[in-house]
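Structure first, then comments.
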Amino acid sequence: MKIFILFFAVAWSSTSLKAQYEYEPSEAYPFGRIHPHAPQQLADYEPLIGESICTSVSRAPDQTWNPEVNMIWRFKYIMNGMAVQDQTLKEDGAHSGSIRQFNADSSSWYVHYYSTGGAPPALPSWGGGKNDDGDIILYREQKAPNGLDGYYKITFFDISNEGFEWLGEWTDTSESFSFPTWKISCTKIE
157 MKIFILFFAV AWSSTSLKAQ YEYEPSEAYP FGRIHPHAPQ QLADYEPLIG
207 ESICTSVSRA PDQTWNPEVN MIWRFKYIMN GMAVQDQTLK EDGAHSGSIR
257 QFNADSSSWY VHYYSTGGAP PALPSWGGGK NDDGDIILYR EQKAPNGLDG
307 YYKITFFDIS NEGFEWLGEW TDTSESFSFP TWKISCTKIE
């Protein structure tokens with residue numbers, strides 16, 4: 157009888173814990189779901205949720221474009237459906253990811269980036285949001301090599317359920333000049 161009660165208690169508590177986190181990735185929802193109490197802006201990333209196959213191309217030190225690198229880019233809901241996490245797996249072994257949280261007080265997305273290229277004491281972050289055209293634009297202050305003030309600007313555009321485009325570029329503070337440094341093109345597969 158004691159064994160039966162113990163088994164029932166363990167099974168019940170395990171089920172209760174799972175029910176508390178029903179928006180986490182699961183067998184039924186491998187990329188999680190948006191929590192109903194999450195900021196509505198979490199849906200900005202909804203078309204990107206899942207897995208995409210992509211090609212990535214970045215600038216070489218001589219400013220020409222490097223050869224394309226194939227990669228997988230996965231987006232999922234985390235923190236019980238209250239944030240978004242993404243992960244890239246690249247053929248060249250330079251993997252990376254981000255945690256994306258929307259701050260309702262500032263009406264802005266904050267994105268913290270990490271990579272296999274190193275472990276800094278503080279993660280670099282970008283801020284921004286979705287514009288009227290449906291593009292997601294994020295900025296991080298960054299000086300040009302010549303010392304000019306500006307931003308590193310990241311743009312997700314041509315977003316659909318079939319895929320998306322991504323552009324990383326340096327821009328001056330007025331955005332009258334930009335220099336693309338990284339381009340990614342993605343097709344959804346899951």
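Under this note's numbering, think of the first position of the sequence shown as 157, with each following residue one higher.
All residues carry an ideal CB built from backbone N, CA and C; glycine is no exception.
Per DSSP, which residues does M227 bridge with? Please list them.
-> Start at 1 with the first residue of the sequence shown, and residue 227 comes out as number 71. Partner(s): C210 and K246.
May I ask whether a heavy atom of the ligand ZN can be found less than 6 Å away from the beta carbon of D314?
-> Only the bare structure without any ligand can be found here, which leaves the ligand ZN out of the picture.
K309 versus E325 - alpha carbon distance = Here the question's residue 309 lines up with position 153 in the sequence shown. Here the question's residue 325 lines up with position 169 in the sequence shown. Roughly 5 Å separates the two Cα atoms.
Does the distance from the C-beta atom of E346 to that of G206 stay below 7 Å?
-> Mapped onto the sequence shown, residue 346 falls at position 190. Mapped onto the sequence shown, residue 206 falls at position 50. The Cβ atoms of E346 and G206 sit closer than 7 Å to each other.
So is Q118 buried or exposed if we call it buried at 16+ other beta carbons inside 10 Å?
-> This structure cannot speak to residue 118, because the chain is shown only from 157 to 346.
Contacts around D328, its chain only, beta-carbon distance under 6 Å, and the 5 residues preceding and following it disregarded | The count along the sequence shown starts at 1 and reaches residue 328 at position 172. Close CB contacts of D328 within its chain, under the 6 Å cut and outside five residues either way in sequence, are with G306 (chain order).
Straight-line CA distance for Q243 to Y270?
-> Walking along the sequence shown from the start, residue 243 turns up at place 87. Walking along the sequence shown from the start, residue 270 turns up at place 114. Approximately 9 Å between the Cα atoms of the pair.
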